[in-house]
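Notes follow the structure.
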Amino acid sequence: MESLSPLAMKTDLSKGRDYPEKDHPFRNSYQRDRDRIVHATAFRRLAHKTQVLVTHTSDHHRTRLTHTLEVAQISRTVARQLLLNEDLTEAIALSHDLGHPPFGHAGEYALRDCMVNHGGFEHNRHALRIVEELEYPYANYPGLNLTWEVREAMALHSKVPDCPEVKKYLKYKQPFLEAQVADTCDSLAYNAHDIDDAISLGIIDFSDLEGSKIWKMAFAKAQEILPKEATATQTQLGAIRILIDMHVYDLVENTRKNISLSKATNLEEVRNMETSVVCHSPKIEELKHELGAVLKQKIYNNFRVQRMANKGARFVKRLFFEFSENPLQLPERYKTRIITQGLHRTVCDYIAGMTDRFAQDEYMKIFNPYFDV
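307 is the number of the first residue of the sequence shown in my numbering; add one for each residue after it.
Structure below.
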């Protein structure tokens, strides 16, 4: 095995955990973090939370869980090529969407609106609350007691840097490289798999992607290398594999170039740079932006996607209002938290933890007079 880059985060340099623990005989700290995340209740719930398309519309399209696994797989590949800490990179990637509520971004925006006068809501902040407080598998301390580095990466993924949960992690200008890798691979993964899902579900066809140069390049390459008898589905999947490979190759090569030009010799220097080191080349970044614009027009603004998103947002807002007006309807475990957390934060935590299916069932139990409570 090759030794790690001088710019990698070393396990023995970890700032440790809030609650000290004995070392494990054969798993390092970041491997234990990864395993704790995978075994967390919040992680399992991702299997039934919307990525873009609501989970019950098909058994085959992505959920938050499958997206998370794809991000982790790509992130680990990139980390290996850059001689970074693969275990830390994987743990960060697996944790990055733990805080998402039901119904995708529509659910998040709905909760954000509900909490605008009560401390706000943002899924990265909520992910920190999950791993630091809301999960309770251990008797000796709250949360998962993850290492500082994994929690820092989760915090720095946040778009709300001035909130108390995030501020304590803002020592440096840049995240460490493993966190930069996971963050970049997130968008890389969802661009590719959103195309796959949208084509498979008939929301778009190949012609809808004509406005994206990078897709046309990937599709042309797939047609060139695949046998003539390849089916449309095989060509589609081949093009998506090539699309991912193009992004990953460029990311690795451009990051190597950035590292070389920076002349950085240690992690401290990397973290005090003005811009991220892990990024695509300007050419690929431009093509990614063009692809993103096409996906927004053809997929995210599609009437079917918008209808389901708006349904989800209405579920969330009505549940929030109902539980806030009559908190006696909350489960006992949440009622007891109102004293310490406040009513609205408690209601927000309850709804944010729901899967799509559970949220719909709760809605029916409360608003449908013929549905068993």
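Beta carbons are placed, not taken as given, at the ideal position from N, Cα and C, and that holds for glycine.
{"Asked": "In angstroms, rounded to a whole number, what distance separates the CA positions of R368 and H499?", "Found": "7 Å"}
{"Asked": "Examine the Cβ distances between the region 326–337 and the region 367–385 and report whether three or more of them are shorter than 8 Å.", "Found": "no"}
{"Asked": "Closest to L601 by CA distance: which of T317, L389 and W521 is it?", "Found": "W521"}
{"Asked": "Any idea what DSSP makes of T661, helix, strand or coil?", "Found": "coil"}
{"Asked": "With a CB to CB cut of under 8 Å and the five nearest residues on each side skipped, what residues in its chain are close to I505?", "Found": "D511, F512 and Q542"}
{"Asked": "With three or more beta-carbon pairs closer than 8 Å as the criterion, would you say the region 515–534 touches the region 611–618?", "Found": "no"}
{"Asked": "At a cut of 8 Å, does the region 340–350 reach the region 429–448 through at least three beta carbon pairs?", "Found": "yes"}
{"Asked": "Run through DSSP, which three-state label would K671 get?", "Found": "helix"}
{"Asked": "Count the other C-beta atoms from every protein chain shown that fall within 10 angstroms of the C-beta of Q666, then say buried if there are 16 or more, exposed otherwise.", "Found": "buried"}
{"Asked": "Excluding five sequence neighbours on each side, which residues of the same chain lie with their C-beta closer than 7 Å to the C-beta of E580?", "Found": "K479"}
{"Asked": "Helix, strand or coil, according to DSSP, for T369 in the structure here?", "Found": "strand"}
{"Asked": "Since N608 is in the alpha helix (DSSP H), which residue starts that stretch and which ends it?", "Found": "Careful: N608 lies outside any alpha helix (DSSP H) and carries neither H nor E."}
{"Asked": "With DSSP run on the structure shown, which of helix, strand or coil describes T374?", "Found": "helix"}
{"Asked": "Thinking just about the alpha-carbon of each residue, which of N391, I565 and I501 is nearest to the one in I605?", "Found": "I501"}
{"Asked": "Are the CB atoms of V653 and P407 nearer to each other than 8 Å?", "Found": "no"}
{"Asked": "Out of E559, A459, E628 and K617, which has the shortest C-alpha to C-alpha gap to T395?", "Found": "A459"}
{"Asked": "May I ask which residues mark the beginning and end of the alpha helix (DSSP H) holding T490?", "Found": "L483 to S506"}
{"Asked": "Throw me the rounded Cβ distance for the R340 and D393 pair, which I believe falls under 8 Å.", "Found": "6 Å"}
{"Asked": "Taking the alpha-carbon positions, what's the E455 to M552 distance?", "Found": "29 Å"}
{"Asked": "Work out the CA separation of T383 and M307 for me, nearest whole Å.", "Found": "Low confidence applies to M307: its pLDDT is 48, below 50, so where it sits in the model is not reliable enough to give any reading."}
{"Asked": "State buried or exposed for H595, treating a residue as buried only when at least 16 other CB atoms are found within 10 Å of its CB.", "Found": "exposed"}
{"Asked": "Closest Cβ-Cβ distance between L649 and chain D: below 8 Å?", "Found": "Protein chains in the displayed structure number just one, and chain D is not present."}
{"Asked": "On the three-state DSSP scale, how would you describe T561?", "Found": "helix"}
{"Asked": "With burial defined as no fewer than 16 other Cβ atoms inside 10 Å of the residue's Cβ, what is the status of S381: buried or exposed?", "Found": "buried"}
{"Asked": "Who does T581 pair with in a DSSP beta bridge?", "Found": "None, per the DSSP bridge assignment."}
{"Asked": "Report the rounded CA-to-CA distance for P633 versus R323, giving the unit in angstroms.", "Found": "35 Å"}
{"Asked": "Can you give the Cα-Cα distance for A399 and Y676, rounded to whole angstroms?", "Found": "42 Å"}
{"Asked": "What three-state label does DSSP hand T652 in the structure shown?", "Found": "helix"}
{"Asked": "With which residues is T539 paired in a DSSP beta bridge?", "Found": "For T539, which the question treats as bridged, DSSP gives no partner whatsoever."}
{"Asked": "Distance check for A314 and E575, CA to CA, integer angstroms please.", "Found": "12 Å"}
{"Asked": "Secondary structure at T383, three-state DSSP: helix, strand or coil?", "Found": "helix"}
{"Asked": "As a quick exercise: from T661, R431, Y415 and N560, pick the residue whose alpha carbon is nearest that of H354.", "Found": "T661"}
{"Asked": "Can you check whether the CB of Q635 is closer than 8 Å to the CB of F629?", "Found": "yes"}
{"Asked": "Based on Cα-Cα distance, which residue from R663, Y640 and K671 lies nearest to L352?", "Found": "R663"}
{"Asked": "Kindly indicate which three-state DSSP category T356 falls into: helix, strand or coil?", "Found": "strand"}
{"Asked": "Nearest by alpha-carbon distance to N560: which of T490, I548 and A538 is it?", "Found": "T490"}
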